[in-house]
Structures are given as structure tokens and as C-alpha cells.
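First up is the structure itself, then whatever we jot down about it.
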Amino acid sequence: MNDKRIYESPLLFIKDSLIGENVKRSLKTLADLQGVFRNCEAYEQMSPDTLLYEVTCHMPVEEGTIGGLYFGITKIYPGKVGGEYFMTKGHFHTNMDCGEYYWGIEGEGRLIMMDQTRKVWSEQVFPGSLHYIPGGVAHRVANIGNSVLSFAACWPSNAGHNYQVILENGFSASLQCVNGTPQLIEI
Ligand code: PAN
Ligand code: ZN
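Counting the sequence shown from 1 gives a position; the working numbering is that position plus 302.
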């Protein structure tokens, strides 16, 4: 007999794709990350249309809602600008109390974090890795492999994103490929 109390999930999270209502997708190209990479000459030589990453988010409540959550999957394509790996813009949460979980789905990457004293550290991202990003810590992810890196994230709907402070001051270290291996180079 059909049990009318059992509903199909309105959302599907299969491997690195998210399907359902209230799901929004945004693409980031090199043009969207102007001023982010260290090597300006290398940046200028690449096509501004180069796709760096895409984010698919489930946003079931209005931005700013206290107590709500957002869920997102980020796919970063492999590549470099000069020696610097393709990476996300990076941000602090506007509401510094708000932390976030990231977890690796596929590929190989680094989660780069920086606190408000500009101390930087990083964690390896791989399928199954789980990362807790405390409030007040800026975060970005770089793809250090030759294939797509994807990871999922869950953060409070009142976190907000402060990109401006990162655009103005950057991170105090950048992840560069040195003799084939990733190294966090202090600036
Ligand atoms: C993530 C990021 C996502 C893209 O969902 O927003 O990975 O990175 P940027 O937002 O820095 O471009 C997250 O950290 N949300 O809070
Ligand atoms: Zn975040």
C-alpha cells in the first residue's frame, strides 16, 4: 500500500551536483577575479572568459535569516595563473560569529584560511576531508590537482560575505606551484 506520509526528497545531492527547488548556480570567470591573483602579467595574458569555478547553492530562506542554513557545492577547474593555482575569491563572513563546514567530494585541493591578525594556514582537501572554519576566519580553496576539485559547504544564512576586505588587502600568503609542489608563500 502507498504510504501517503512519505514524500520524495525535494532535493538531490548526487556526487557533485545539486538538483531541486531554490537551487541557484553561478559561474566565475577570470574576469570576475580581477586583482585576486599575484601575477598580473600572467593574468592579462589569459582569456577573461576562462571558467575558474562554479557554485550551486540551495538557499531555502531569505539572506540574513537567523537560524537558517545554506548548502552549496563548489567546482573548481584545474589551472594556474602564473604559478598560482585556480582558486575561489575568498571572503570573511560579514557576521564574524558565523562559522562554516567544508568537505571534500572529489579532486585535490587546499583550504587556505587567514585569521584577523593575518596569520595564514592551510588544510588538505580530498574526498572525505572535513573542515571546520571558525567565525572570523577568511577562507578560500585552491585546486592543486589536474582534475576538477569539488567540495560542499554549509553555512548560516545570516553569515553574509565580505569580499571587499580580501580584494583590498589580499591574503598574507599565496599558494604557488614551486617545482611541481604547492607551497604557501608569505608575501
Ligand atoms: C562557499 C563559497 C564558494 C565560493 O560557498 O562562497 O566556495 O567562494 P567565494 O564565495 O569566495 O567566491 C562559502 O564559503 N560560503 O560561505
Ligand atoms: Zn564562507
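Backbone N, C-alpha and C define an ideal beta-carbon position, used for all residues, glycine too.
Just so we're clear, the structure is a prediction, and the values are computed from it rather than from any experiment.
1. What separation, rounded to the nearest whole angstrom, lies between the Cα atoms of N464 and F394?
2. Would A461 and E410 be called neighbours here (beta carbons separated by less than 9 Å)?
3. I need the DSSP call for N464, collapsed to helix, strand or coil.
4. Between T376 and S319, is the Cβ-Cβ spacing less than 9 Å?
5. Shortest alpha-carbon distance to E386 belongs to which of E310, L314 and E343?
6. Decide yes or no for the touch test of the segment 439-451 against the segment 411-428: beta carbon pairs closer than 8 Å, at least 3 of them.
7. Can you tell me the Cβ-Cβ gap for G366 and S459, rounded? I've got them flagged as a contact below 8 Å.
8. Just to confirm my understanding: we take Y379, look at its own chain, exclude 5 residues before and 5 after, and list those with CB closer than 8 Å. What are they?
9. N448: which of T483, R420, V467 and W423 sits nearest, CA to CA?
10. Below 9 Å between beta carbons: does that hold for I487 and L477?
11. With a Cβ-Cβ cutoff of 9 Å, do S474 and G406 count as a contact?
12. Taking only runs that begin and end inside the segment 402-483, name each unbroken beta strand (DSSP E) of 3 or more residues, in chain order.
According to the data block:
1. Their backbone Cα atoms lie some 5 Å apart in a straight line.
2. No, Cβ-Cβ distance for A461 and E410 is not below 9 Å.
3. Of the three classes helix, strand and coil, the one that applies to N464 here is strand, per DSSP.
4. No, these two residues do not count as a Cβ contact at 9 Å.
5. For the residues E310, L314 and E343, the minimum Cα distance to E386 belongs to E343.
6. Of all C-beta pairs linking the segment 439-451 to the segment 411-428, three or more are shorter than 8 Å, placing the two stretches in contact.
7. That pair is a contact at about 7 Å.
8. Around Y379: L353, L354, Y355, F388, N445 and V450.
9. By alpha-carbon distance to N448, the top candidate from T483, R420, V467 and W423 is T483.
10. Contact: yes.
11. No, Cβ-Cβ distance for S474 and G406 is not below 9 Å.
12. For the segment 402-483, whole beta strand (DSSP E) runs of length 3 or above, ordered along the chain, are 402-408, 411-416, 422-427, 432-435, 440-445, 451-458 and 475-480.
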